[in-house]
Each structure stands twice: as C-alpha cells, then as structure tokens.
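Asks:
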Amino acid sequence: MQVTVADLGVGNLHSLKKALERLGARVEVTPEIVRWLEAQVLILPGDGAFGPMMHRIEDHREALRQRVCEKPALGICIGMQLLFEQSEEAPDVAGLGLLPGRVVKLPARRLPHMGWNTVEHAKDTLFTGIPQGAYFYFVHSYGITRSEGALAWTEYEGRLVAAVRAGPWSYAVQFHPEKSGRRGLKLLENFLSLAEGAR
Numbered sequence: 014m015q016v017t018v019a020d021l022g023v024g025n026l027h028s029l030k031k032a033l034e035r036l037g038a039r040v041e042v043t044p045e046i047v048r049w050l051e052a053q054v055l056i057l058p059g060d061g062a063f064g065p066m067m068h069r070i071e072d073h074r075e076a077l078r079q080r081v082c083e084k085p086a087l088g089i090c091i092g093m094q095l096l097f098e099q100s101e102e103a104p105d106v107a108g109l110g111l112l113p114g115r116v117v118k119l120p121a122r123r124l125p126h127m128g129w130n131t132v133e134h135a136k137d138t139l140f141t142g143i144p145q146g147a148y149f150y151f152v153h154s155y156g157i158t159r160s161e162g163a164l165a166w167t168e169y170e171g172r173l174v175a176a177v178r179a180g181p182w183s184y185a186v187q188f189h190p191e192k193s194g195r196r197g198l199k200l201l202e203n204f205l206s207l208a209e210g211a212r
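Residue numbers for the sequence shown follow the working numbering, so the first one is 14 and each next one is one higher.
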C-alpha cells in the first residue's frame with residue numbers, strides 16, 4: 014500500500030516512516046501539498062505550533078478538508094489539533110473545522126505533557142487488539158478536553174481526548190504511535206487495514 018506522509022517542516026519523520034515500512038507500506042514523505050491531496054492514504058504528523066501549520070496549508074484549506082473527509086487519513090499530534098475549529102495557541106487562526114471544538118492549553122502544572130500515559134478507548138476498529146489501559150507516548154502542551162468524535166481518552170491532571178474519528182476512513186491521535194512500541198505499531202496496522210478496506 015502506498016502511504017503519503019505530509020512533511021510539515023517540523024518533527025523527525027524517520028521513526029514514522031520506518032514503522033510504516035515495517036508494516037509493509039510504501040512510504041512517500043513530501044512537503045508538496047498537491048501530493049497530499051492526491052494521496053490514497055495520507056498521514057498528517059508533526060510537533061509544531063497551530064498557527065504556523067495552518068498558515069502553511071491556508072491556500073489549500075478546503076481541498077485538504079475535502080480530502081480528509083473522503084479518503085483515509087490519520088492525524089498525529091498537531092495533525093489532530095488542525096482538524097478542529099480553532100486553538101488557544103493561535104486564537105485568530107481558523108483550523109480545518111472538520112470537528113467542532115477548540116484546542117486549549119492543558120490545565121496542568123507541568124508542560125509539556127511528555128511521556129507515557131494509559132489510554133482508555135471506545136470499541137472501534139482502530140483499537141482492535143489493543144487492551145484498555147495500554148500505554149502510548151505523548152508530547153504536547155495543547156489538546157482537546159472533549160469532542161463529539163472522541164474515541165479514546167487519557168488523564169493528565171484532567172481528562173483529555175487521545176483519539177478522534179474525523180470521517181468515514183479518517184482518524185487522529187494526540188499521542189505518537191510511531192514512538193509507542195508494539196501498541197503504537199498495532200494501531201498503525203489497524204489504520205492501514207481500514208485504509209485498505211476503503212479502496
């Protein structure tokens with residue numbers, strides 16, 4: 014399966030590329046937005062800030078929004094936050110608005126939230142074979158405290174959304190599956206299986 018990883022100019026994408034290749038995917042990492050829009054399977058990863066990321070894709074906002082709605086996509090970390098309407102990190106910048114809600118600064122004494130946390134999840138194919146309370150790796154200072162599309166949750170001085178469904182074949186996670194050991198690899202495998210079913 015061909016997978017396109019969007020290079021947003023931030024974060025080390027090597028571990029994500031290697032994880033996908035380990036699962037048998039052919040991986041293209043590219044900064045070219047036209048390639049993202051053409052992709053059969055798209056992954057939007059990154060550790061950057063909301064404002065600069067949205068400015069990067071501003072001219073293609075509607076096309077990217079439609080692409081995520083219609084074909085398989087997976088947002089990771091900032092890639093999840095971009096799917097919402099807005100963020101406290103950049104109050105004057107609109108997100109893609111695929112999901113209602115606002116990204117907020119985490120109400121925690123220690124930021125960023127960095128490290129391993131347990132995740133509880135709803136029954137969904139994305140989490141097939143992953144037990145309740147499995148550990149995943151997080152790195153973020155902003156996040157979602159509630160969402161209609163929420164599929165999974167974690168606790169960090171309060172309840173946070175850890176995963177959402179954004180379309181028939183599209184999901185997003187706040188944690189980094191590529192840095193989350195065998196559980197993260199299983200989640201990526203599940204996503205690729207879902208994407209295969211969409212073809």
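Where is the CB? At the ideal position from N, CA and C, for every residue including glycine.
With H, G and I counted as helix, E and B as strand and the rest as coil, what does DSSP make of residue 24?
Replies: Correct three-state label for residue 24: coil.
Asks: Does DSSP put residue 189 in a helix, a strand or coil?
Replies: Coil.
Asks: Closer than 8 Å by C-beta to residue 142: which residues in its own chain qualify, once you throw out the five before and the five after it? Chain order, please.
Replies: The answer, listed in chain order, is 199 and 203.
Asks: Since residue 114 and residue 92 are thought to touch, with beta carbons under 8 Å apart, how far apart are those beta carbons, to the nearest angstrom?
Replies: That pair is no contact at about 15 Å.
Asks: For residue 206, which of helix, strand or coil comes out of DSSP?
Replies: Correct three-state label for residue 206: helix.
Asks: Checking 7 Å against the spacing of the C-beta atoms, do residue 205 and residue 36 come in under that value?
Replies: Yes; because the gap between Cβ atoms is below 7 Å, this pair is in contact.
Asks: Does the Cβ-Cβ distance between residue 184 and residue 77 come in under 7 Å?
Replies: No. Outside cutoff.
Asks: May I ask you to report which of helix, strand or coil DSSP gives residue 76?
Replies: Looking at residue 76 - three-state DSSP - the assignment turns out to be helix.
Asks: Contact check, residue 110 vs residue 98 under 8 Å by CB: the rounded distance?
Replies: Confirmed, about 5 Å.
Asks: Straight-line CA distance for residue 189 to residue 80?
Replies: Going from the Cα of residue 189 to the Cα of residue 80 covers about 22 Å.
Asks: Do the stretch 133 to 142 and the stretch 116 to 123 touch if we need at least three Cβ pairs shorter than 8 Å?
Replies: The stretch 133 to 142 vs the stretch 116 to 123: no contact.
Asks: Quick check: is the beta carbon of residue 35 nearer than 7 Å to any beta carbon in chain D?
Replies: Protein chains in the displayed structure number just one, and chain D is not present.
Asks: Going along the chain, which unbroken runs of the beta strand (DSSP E) with 3 or more residues stay wholly within the stretch 46 to 98?
Replies: Complete beta strand (DSSP E) runs here, min 3: 55 to 57 and 86 to 89.
Asks: Which residue from 160, 197 and 39 puts its Cα closest to that of residue 178?
Replies: With distances taken between Cα atoms, residue 178 lies closest to 160.
Asks: Below 7 Å CB to CB, which residues in the same chain sit around residue 153 once its five sequence neighbours on both sides are set aside?
Replies: Around residue 153: 90, 125, 126 and 187.
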